[in-house]
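*Asks:*
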Amino acid sequence: MKHTRRILTSLLFTVAGIAAATSGCTNALTVAEFPTAASSSSAQESRPDLATQEQRLAQHVNQYPQVVQRYPFDAELFTQGLDTDGQMLVIGSGLYEKSTIQRTTPGAAPQVQVALADDEFGEGVAVTPAGIWQLTWRNHIAYLRDLETLTVRSTVDNPREGWGVCYDETSHTLLTSDGTSTLVVRDAETFAELRTFTVTLAGEPIDQLNELDCTDGIVRANVWLTPYVVTIDPASGEVTGVADISSLYPESVQHNNNAVANGVASISGSDEFYVTGKLWPTLYRVRFTEEPAHE
Ligand SMILES: [Ca+2]
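Shown next as structure tokens:
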């Protein structure tokens, strides 16, 4: 499996390099979420090199997923958001003309599914007492949806790109990512920005933060284009753990550079998580351990 991981990692470096060189290309999948396209030049200059960042993350890996259960998952979903309240599963998917949000249970067909407008690109989702938040990538809006019907209750402006979102019940706040190393703490009912902080590993920023999970005051984030899920202390912004989930990459997507790991949802009342990726045919229930799984 280590061999497979090296191949995958090298593939991801290559993809990132190609994307960097061809950010004006018309392949929607390739440019989707490519972070420099809408960033200021000054922000770009201070951003870490993707390959260097992936090497830094690899050096700090100290967690691995142990699979508790596998469920079939809709491989048509370009998964951008995954959350659960312990019973229902809420899944947000992206791509123009294909974005949806659904509520379901693991392994089951959608109970309720709503399509976004064709010109909207859906991103992260978060279940809160007030409803379900769903971000859009560059539409500069976020939706608060009804918990049951998923119909839109309110629409708010978001000048940032929308990537990941999670709800921290201990502080009753949202956390959002925008593809940089910055996370934004927000009012969970109004979406208003309360504060921002920078996520760092050994003192250096970690960029490309994507899908998020908040549980017990701890934040986890997929790092885009990598098989890594970082654990973050929101008080300091420091990365306190790096999980390597490359062992979960399904065979069917290993040729697809866009089908990266994306989606982490802690299961309340347990130390387990749902984990999946874009276009993955499998949803995993895992717990993170310090030892790689024996295969
Ligand atoms: Ca999540």
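Sequence positions in the sequence shown follow mature numbering (1 follows the signal peptide of the UniProt record, and there is no 0) and run -21 to -1, 1 to 274. Just so it is clear, CB atoms sit at the ideal spot from N, CA and C, and this is done for glycine as well.
Between which residues of its own chain and T219 is the CB-CB distance below 6 Å, once the five residues before and five after are set aside?
*Replies:* Within the same chain, T219 has close Cβ partners T210, D212.
*Asks:* Could you check whether T63 and Y207 sit closer than 8 Å to each other, using their CB atoms as the reference points?
*Replies:* It is not a contact, given that the beta carbons lie outside the stated cut-off.
*Asks:* Pull up the CB-CB distance for F100 and Y75, whole angstroms please, since I reckon it's below 8 Å.
*Replies:* F100 to Y75, Cβ: 6 Å. Contact.
*Asks:* Ignore the nearest five residues each way along the sequence and tell me which others in L95's own chain have a CB closer than 7 Å to its CB.
*Replies:* Closer than 7 Å at the Cβ level, and outside the excluded window around L95, lie S78, T79, G101.
*Asks:* May I ask you to report which of helix, strand or coil DSSP gives V46?
*Replies:* Strand at V46.
*Asks:* Is C4 helix, strand or coil when you go by DSSP?
*Replies:* A caution first: C4 carries a pLDDT of 31, below 50, which makes its placement in the model unreliable, though a value can still be read off. In the structure shown, C4 sits in coil (DSSP, three-state: anything other than H, G, I, E or B).
*Asks:* Give me, in chain order, the residues of the same chain whose beta-carbon lies closer than 8 Å to that of T179; leave out the 5 immediate sequence neighbours on both sides.
*Replies:* Within the same chain, T179 has close Cβ partners S160, I185, G216, E217, V218.
*Asks:* Can you tell which of Q48, V69, R174 has the C-alpha that lies nearest to the C-alpha of T107?
*Replies:* For the residues Q48, V69, R174, the minimum Cα distance to T107 belongs to V69.
*Asks:* Could you say which of W203, A54, A37 lies nearest to G86 if we only look at CA atoms?
*Replies:* It is A54.
*Asks:* If you follow the alpha helix (DSSP H) that A200 is in, where does it begin and where does it stop?
*Replies:* From DSSP, A200 is part of no alpha helix (DSSP H) but of the beta strand (DSSP E) over 197 to 202.
*Asks:* State yes or no: is the C-beta of L204 within less than 8 Å of the C-beta of V239?
*Replies:* Against a cut-off of 8 Å, the Cβ pair of V239 and L204 comes out as a contact.
*Asks:* Between G110 and chain D, is there a C-beta pair that is closer than 8 Å?
*Replies:* Considering every chain present, this structure includes no chain D. It has just one protein chain.
*Asks:* If you draw a straight line from the C-alpha of G65 to the C-alpha of V202, how long is it?
*Replies:* If I take the Cα positions, the gap works out to 24 Å.
*Asks:* Identify the continuous alpha helix (DSSP H) that holds Q34 and give its terminal residues.
*Replies:* Q34 -> alpha helix (DSSP H) spans 29 to 38.
*Asks:* Would you kindly work out how many angstroms separate the C-alpha atoms of Q233 and L262, rounded to a whole number?
*Replies:* Their Cα atoms are separated by approximately 16 Å.
*Asks:* Tell me where the beta strand (DSSP E) around G110 begins and ends.
*Replies:* From DSSP, the beta strand (DSSP E) with G110 extends over 110 to 115.
*Asks:* To the nearest angstrom, how far is it from the Cα of L227 to the Cα of F267?
*Replies:* Between L227 and F267, the C-alpha separation is close to 12 Å.
*Asks:* Determine the burial state of T255: buried for a count of at least 16 other Cβ atoms within 10 Å of its Cβ, exposed for fewer.
*Replies:* Classification of T255: buried, given that the 10 Å Cβ count is 16 or more.
*Asks:* If you check the beta carbons only, do L191 and G158 fall under 8 Å apart?
*Replies:* No, the pair does not count as a contact, with Cβ atoms beyond the cut-off.
*Asks:* At a cut-off of 7 Å, would you count A244 as near ligand 1, judging by its Cβ distance to the nearest heavy atom?
*Replies:* Yes.
*Asks:* Which term fits L61, buried or exposed, when burial requires 16 or more other beta carbons within 10 angstroms of its beta carbon?
*Replies:* So L61 counts as buried.
*Asks:* Closest to I224 by CA distance: which of T128, D250, S245, P271 is it?
*Replies:* It is P271.
*Asks:* Comparing C-alpha positions only, which one of E269, K257, V265 sits nearest to F52?
*Replies:* Measuring from the Cα of F52, the nearest candidate turns out to be K257.
*Asks:* Does the separation of the CB atoms of V47 and R264 fall below 8 Å?
*Replies:* Yes, these two residues count as a Cβ contact at 8 Å.
*Asks:* Below 8 Å on the Cβ atoms is my contact criterion, and I expect G141 with L123 to pass it. Report the Cβ-Cβ distance as a whole number of Å.
*Replies:* Contact flag wrong, Cβ pair sits at about 13 Å.
*Asks:* Taking the CB atoms as reference points, tell me whether D147 and C193 lie closer together than 8 Å.
*Replies:* Yes.
*Asks:* Do L162 and L154 come within 8 Å of each other at the CB atom, strictly closer than that value?
*Replies:* Result yes, Cβ atoms of L154 and L162 sit closer than 8 Å.
*Asks:* Under the rule that 16 or more other beta-carbon atoms within 10 Å means buried, what is N41, buried or exposed?
*Replies:* N41 is exposed by the Cβ-count criterion.
*Asks:* Where does S160 fall in DSSP's three states?
*Replies:* S160: coil per DSSP, three-state reduction.
*Asks:* In its own chain, which residues sit with a C-beta less than 7 Å from the C-beta of D125, not counting the 5 before and 5 after it?
*Replies:* Only G110, R132 meet the Cβ criterion.
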